[in-house]
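Number of protein chains: 2
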Amino acid sequence: MTERRRIPEATVARLPVYLRALAEESEAKATTISSERLAELAGVNAAKVRKDLSYLGSYGTRGVGYDVEYLTFQMSRELGLTHDWPVIIVGVGNLGQALANYGGFRDRGFPIAALVDADPDKVGDTVHGVEVHGLDDLPTLVAGLGSVIGIIATPAHAAQSVADQLAGAGVTSILNFAPAVISVPDGVSLRKVDLAVELQILSFYQQRRDGGPTVEEPSAATAG
Amino acid sequence: MTERRRIPEATVARLPVYLRALAEESEAKATTISSERLAELAGVNAAKVRKDLSYLGSYGTRGVGYDVEYLTFQMSRELGLTHDWPVIIVGVGNLGQALANYGGFRDRGFPIAALVDADPDKVGDTVHGVEVHGLDDLPTLVAGLGSVIGIIATPAHAAQSVADQLAGAGVTSILNFAPAVISVPDGVSLRKVDLAVELQILSFYQQRRDGGPTVEEPSAATAG
DNA sequence: GTTGGCTTGTGAACACGTGCACGTAGGGGA
DNA sequence: TCCCCTACGTGCACGTGTTCACAAGCCAAC
Numbered sequence: 004m005t006e007r008r009r010i011p012e013a014t015v016a017r018l019p020v021y022l023r024a025l026a027e028e029s030e031a032k033a034t035t036i037s038s039e040r041l042a043e044l045a046g047v048n049a050a051k052v053r054k055d056l057s058y059l060g061s062y063g064t065r066g067v068g069y070d071v072e073y074l075t076f077q078m079s080r081e082l083g084l085t086h087d088w089p090v091i092i093v094g095v096g097n098l099g100q101a102l103a104n105y106g107g108f109r110d111r112g113f114p115i116a117a118l119v120d121a122d123p124d125k126v127g128d129t130v131h132g133v134e135v136h137g138l139d140d141l142p143t144l145v146a147g148l149g150s151v152i153g154i155i156a157t158p159a160h161a162a163q164s165v166a167d168q169l170a171g172a173g174v175t176s177i178l179n180f181a182p183a184v185i186s187v188p189d190g191v192s193l194r195k196v197d198l199a200v201e202l203q204i205l206s207f208y209q210q211r212r213d214g215g216p217t218v219e220e221p222s223a224a225t226a227g
Numbered sequence: 004m005t006e007r008r009r010i011p012e013a014t015v016a017r018l019p020v021y022l023r024a025l026a027e028e029s030e031a032k033a034t035t036i037s038s039e040r041l042a043e044l045a046g047v048n049a050a051k052v053r054k055d056l057s058y059l060g061s062y063g064t065r066g067v068g069y070d071v072e073y074l075t076f077q078m079s080r081e082l083g084l085t086h087d088w089p090v091i092i093v094g095v096g097n098l099g100q101a102l103a104n105y106g107g108f109r110d111r112g113f114p115i116a117a118l119v120d121a122d123p124d125k126v127g128d129t130v131h132g133v134e135v136h137g138l139d140d141l142p143t144l145v146a147g148l149g150s151v152i153g154i155i156a157t158p159a160h161a162a163q164s165v166a167d168q169l170a171g172a173g174v175t176s177i178l179n180f181a182p183a184v185i186s187v188p189d190g191v192s193l194r195k196v197d198l199a200v201e202l203q204i205l206s207f208y209q210q211r212r213d214g215g216p217t218v219e220e221p222s223a224a225t226a227g
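Pasting the structure below:
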């Protein structure tokens with residue numbers, strides 16, 4: 004396969020944001036949108052929008068802007084959002100259940116197809132209308148669903164093992180919520196969401212504003 | 004204030020990961036750790052580890068490595084983790100409640116100090132031992148807590164308004180879970196976690212592996 | 001005290017992402 | 001038909017982040 008048009012990672016990460024902005028604008032009955040307006044809605048600058056969109060193709064009209072409907076279609080197609088992607092959540096603890104109950108997934112084309120947990124007591128339960136399976140069922144579940152996205156919502160110590168089992172079952176897209184660094188085979192996409200890390204990053208900047216690390220030595224005081 | 008040592012954003016984002024790796028290694032009774040080992044645990048390469056750590060200071064010993072305990076201390080201090088940071092969650096829906104129930108926050112030094120919701124029916128409720136306040140209480144709550152981190156877990160349409168109110172109440176660190184782009188005044192840190200966006204990014208790469216966008220037009224095939 | 005081996009700290013090259021500035025093309029009015 | 005105005009697409013310069021490679025420094029052994 005010729006690698007087609009390569010799209011920079013940073014751009015890929017922004018496409019979903021543009022898509023949401025387009026949806027907003029579409030609801031507001033706009034038929035075309037300028038890079039400037041799109042930039043405003045997406046919280047970036049206009050040049051970046053144009054460059055990003057240019058990776059998808061030349062879908063704009065000079066002097067006019069982009070056709071909202073058409074651009075939405077092209078972008079959805081490029082992102083693979085023309086069909087639903089079933090999601091399997093592994094780990095039915097607090098976080099797993101919350102994700103299962105969170106309606107935002109289904110609405111955006113990511114229906115929860117199955118829940119999986121290692122705890123035999125939980126297997127057979129139903130959360131938000133979805134049955135909880137054992138880990139052993141993973142290969143069967145994945146085989147029955149086709150292209151699927153795996154979500155890891157287990158404690159940290161179980162994350163790597165679950166990732167291995169997901170990959171072994173044929174899952175090639177994994178989103179990891181467990182606070183642990185995990186590795187996956189080549190050909191498997193891995194993204195992570197780490198809530199504690201986000202808070203710690205905020206803590207860093209907050210503290211810098213507050214006047215830096217609490218220094219015990221008098222000589223290093225805030226004088227500067 | 005002389006801006007002290009400037010630490011690149013990318014480095015700041017990795018520090019919490021190093022910190023966790025150090026904690027692991029400390030539990031394994033290791034007293035020193037090499038950049039190589041730390042890199043392995045953090046899922047990056049050794050040169051990056053050394054460069055990152057060098058921004059904090061020269062805390063390593065050539066030929067030996069880093070003292071686990073001492074490095075942990077220095078890093079915690081730099082990240083502002085020597086004391087707890089109370090967190091206020093705005094929006095007590097599915098996600099907000101899940102976050103409130105998720106023990107991982109308190110354990111890592113981010114206790115849930117208050118819950119806030121716009122819905123009068125929810126005000127006065129107790130979730131996981133924390134009372135739900137109205138939005139009007141924000142200024143008072145913040146004033147009573149000092150440096151605090153605000154978490155937005157509302158629907159998208161309410162996010163900007165909540166952000167404004169948080170900032171107005173004196174909150175200068177905000178973590179946004181709502182699927183919306185929001186803006187905050189200068190001097191306020193804003194980070195976002197967008198679950199749908201993560202899934203859509205995975206979808207993009209998954210689809211590329213699966214063989215690219217489903218092209219209807221025969222003429223538009225992979226040729227060019 | 002000297003030597004050898006190991007690991008840090010960092011300068012320099014490279015890759016990636018961002019933003020400016022401008023050429024270019026299309027639409028609308030005269 | 002011609003002109004002007006507007007907004008896209010993109011070459012180029014800049015800044016940030018990553019990686020390599022090696023000198024500097026430290027410990028241990030002899």
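One line per chain: the protein sequences are A and B, in this order.
Residue 4 is where the first sequence starts when you use my numbering, and the numbers rise one by one after that.
Residue 4 is where the second sequence starts when you use my numbering, and the numbers rise one by one after that.
From the three backbone atoms N, C-alpha and C, an ideal C-beta is built for every residue, glycine too.
Tell me which residues share the same chain as V187 (chain B) and place their Cβ nearer than 7 Å to its Cβ, disregarding the 5 neighbours each side in the sequence. Counting from one through the second sequence, the residue named residue 187 (chain B) turns up at place 184. Excluding sequence neighbours, V187 (chain B) sits near A166, A170, I177, L193.
Cβ of W88 (chain B) within 8 Å of Cβ of I185 (chain B)? Here the question's residue 88 (chain B) lines up with position 85 in the second sequence. Here the question's residue 185 (chain B) lines up with position 182 in the second sequence. Cβ atoms of W88 (chain B) and I185 (chain B): not closer than 8 Å.
Just confirm the distance between the C-beta atoms of I204 (chain B) and A116 (chain A), as a whole number of angstroms; I'd bet it's less than 8 Å. Against the second sequence, residue 204 (chain B) aligns to sequence position 201. Against the first sequence, residue 116 (chain A) aligns to sequence position 113. Their Cβ separation, rounded to whole angstroms, is 19 Å, which puts I204 (chain B) and A116 (chain A) out of contact at 8 Å.
Taking the alpha-carbon positions, what's the S57 (chain A) to E12 (chain B) distance? Residue numbering aside, residue 57 (chain A) sits at position 54 when the first sequence is read from its first letter. Residue numbering aside, residue 12 (chain B) sits at position 9 when the second sequence is read from its first letter. So the alpha carbons of these two residues sit roughly 28 Å apart.
Can you pull the chain B neighbours of L205 (chain A), defined as C-beta to C-beta under 7 Å? Indexing the first sequence from 1 puts residue 205 (chain A) at position 202. Residues of chain B passing the Cβ test: I152, S176, L178, S192, R194.
Starting from S79 (chain B), follow the alpha helix (DSSP H) in both directions and report where the run begins and ends. Here residue 79 (chain B) refers to the residue found at position 76 when the second sequence is read from its first residue. Residues 71-82.
Can you tell me whether N48 (chain A) is buried or exposed? The criterion is at least 16 other CB atoms within 10 Å of its CB, across all chains shown. Residue numbering aside, residue 48 (chain A) sits at position 45 when the first sequence is read from its first letter. With fewer than 16 Cβ atoms within 10 Å of its Cβ, N48 (chain A) is classed as exposed.
In three-state terms, what does DSSP make of A121 (chain A)? In the first sequence, residue 121 (chain A) corresponds to position 118, counting from 1. Three-state DSSP puts A121 (chain A) in coil, outside helix and strand.
Chain-ordered chain A contacts of D213 (chain B) [CB-CB under 7 Å]: For the purposes of this step, residue 213 (chain B) is taken as residue 210 along the second sequence, with counting starting at 1. Result: S150.
Secondary structure of T243 (chain A), DSSP reduced to three states: Because chain A is modelled from 4 through 227, residue 243 (chain A) falls outside the range shown and cannot be assessed.
Of all Cβ atoms in chain B, is any one closer than 8 Å to the Cβ of R23 (chain A)? Numbered from 1 along the first sequence, position 20 holds the residue referred to as residue 23 (chain A). R23 (chain A) counts as touching chain B.
Whole angstroms is fine: what's the gap from A181 (chain B)'s alpha carbon to R65 (chain B)'s? The sequence position of residue 181 (chain B) within the second sequence is 178, counting from 1. The sequence position of residue 65 (chain B) within the second sequence is 62, counting from 1. Computed Cα separation, rounded: 46 Å.
Where N179 (chain B) sits in the DSSP three-state scheme: Residue numbering aside, residue 179 (chain B) sits at position 176 when the second sequence is read from its first letter. Note: N179 (chain B) maps to strand in three-state DSSP.
Identity of the residues DSSP links to T35 (chain A) by a beta bridge: By one-based count along the first sequence, residue 35 (chain A) stands at place 32. Answer is A:D70, bridged to T35 (chain A).
Check whether the stretch 77-84 of chain A and the stretch 64-83 of chain B touch, using three or more Cβ-Cβ pairs below 8 Å as the test. no
Is P114 (chain B) close to chain A? Criterion is C-beta to C-beta, closer than 8 Å. If you number the second sequence from 1, residue 114 (chain B) lands on position 111. For P114 (chain B), the nearest beta carbon of chain A is not closer than 8 Å to its own beta carbon.
On the CB-based measure, 16 or more other CB atoms within 10 Å of its CB, does E81 (chain A) come out buried or exposed? The residue you call residue 81 (chain A) lines up with position 78 of the first sequence. Burial call: buried.
With DSSP run on the structure shown, which of helix, strand or coil describes G147 (chain A)? For the purposes of this step, residue 147 (chain A) is taken as residue 144 along the first sequence, with counting starting at 1. Of the three classes helix, strand and coil, the one that applies to G147 (chain A) here is helix, per DSSP.
Quick one: which residues of the stretch 34-49 of chain B get their C-beta closer than 8 Å to a C-beta of chain A? List them in chain order. Shown in chain order are the members of the stretch 34-49 of chain B whose Cβ falls below 8 Å from a Cβ of chain A: L44, A45, G46.
When A:L41, A:K32, A:E30, A:A31 are compared against L18 (chain A), the one with the closest alpha-carbon: Locating residue 18 (chain A) in the first sequence gives position 15, where the first residue counts as 1. Per the Cα distances, A:L41.
Less than 8 Å between the beta carbons of L84 (chain A) and G107 (chain B), yes or no? Here residue 84 (chain A) refers to the residue found at position 81 of the first sequence. Here residue 107 (chain B) refers to the residue found at position 104 of the second sequence. No, these two residues do not count as a Cβ contact at 8 Å.
Nonlocal neighbours in the same chain, by C-beta distance under 8 Å from V119 (chain B), ignoring five residues either side: The sequence position of residue 119 (chain B) within the second sequence is 116, counting from 1. So the list reads I91, I92, V93, G94, V95, V135, H136, G137, L138, D140, L141, L144, once near-sequence residues are dropped.
Residues in the stretch 102-113 of chain A having any Cβ partner in chain B nearer than 9 Å: L102, N104, Y105, G106, G107, F108, D110, R111, G112, F113
Reduced DSSP secondary structure (H/G/I, E/B, other) of V130 (chain A): Indexing the first sequence from 1 puts residue 130 (chain A) at position 127. It is a strand residue.
Can you list, in chain order, the residues of its chain whose CB lies under 8 Å from that of A183 (chain A), leaving out five sequence neighbours each side? The count along the first sequence starts at 1 and reaches residue 183 (chain A) at position 180. Only A159, H160, A162, Q163 meet the Cβ criterion.
Mind checking whether F113 (chain B) and L202 (chain A) have CB atoms under 8 Å apart? Working through the second sequence from its first residue, we reach residue 113 (chain B) at position 110. Working through the first sequence from its first residue, we reach residue 202 (chain A) at position 199. Yes, Cβ-Cβ distance for F113 (chain B) and L202 (chain A) is below 8 Å.
Skipping 5 residues on each side, what residues in its chain have a beta carbon closer than 6 Å to that of I36 (chain B)? Your numbering for residue 36 (chain B) matches position 33 in the second sequence. Cβ neighbours of I36 (chain B) beyond the five flanking positions: E28, G68, Y69, V71.
In this structure, does DSSP put R109 (chain A) in helix, strand or coil? Looking up residue 109 (chain A) in the first sequence gives position 106. In the structure shown, R109 (chain A) sits in a helix (DSSP, three-state: H, G or I).
Using the three-state DSSP reduction, which class does A224 (chain A) fall into: helix, strand or coil? The residue labelled residue 224 (chain A) in the question sits at position 221 within the first sequence. Caution applies to A224 (chain A), whose pLDDT of 32 falls short of 50 and renders its modelled position unreliable; the model cannot decide the point.
Looking only at C-alpha atoms, which of A:V174, A:H86, A:N179 sits nearest to V191 (chain A)? The sequence position of residue 191 (chain A) within the first sequence is 188, counting from 1. Ranking A:V174, A:H86, A:N179 by Cα distance to V191 (chain A) puts A:V174 first.
For K195 (chain A), count neighbouring Cβ atoms within 10 angstroms of its own Cβ and tell me buried if that reaches 16, exposed if not. To locate residue 195 (chain A), count along the first sequence from 1; it is residue 192. With 16 or more other Cβ atoms within 10 Å, it is buried.
Indicate whether V126 (chain A) and A103 (chain A) have their beta-carbon atoms separated by less than 8 Å. For the purposes of this step, residue 126 (chain A) is taken as residue 123 along the first sequence, with counting starting at 1. For the purposes of this step, residue 103 (chain A) is taken as residue 100 along the first sequence, with counting starting at 1. No, these two residues do not count as a Cβ contact at 8 Å.
Nearest residue (CA-CA) to R109 (chain B), options B:D122, B:V133, B:D124, B:N97: Here residue 109 (chain B) is taken as the residue at index 106 of the second sequence, counted from 1. Minimum Cα distance to R109 (chain B) is reached at B:V133.
Is the Cβ of L84 (chain A) closer than 8 Å to any Cβ of chain B? Against the first sequence, residue 84 (chain A) aligns to sequence position 81. Answer yes: the Cβ-Cβ gap between L84 (chain A) and chain B drops below 8 Å somewhere.
Anything in chain B within Cβ reach of E201 (chain A), meaning under 8 Å, just list it in chain order. Mapped onto the first sequence, residue 201 (chain A) falls at position 198. The contacting residues are L178, R194, V196.
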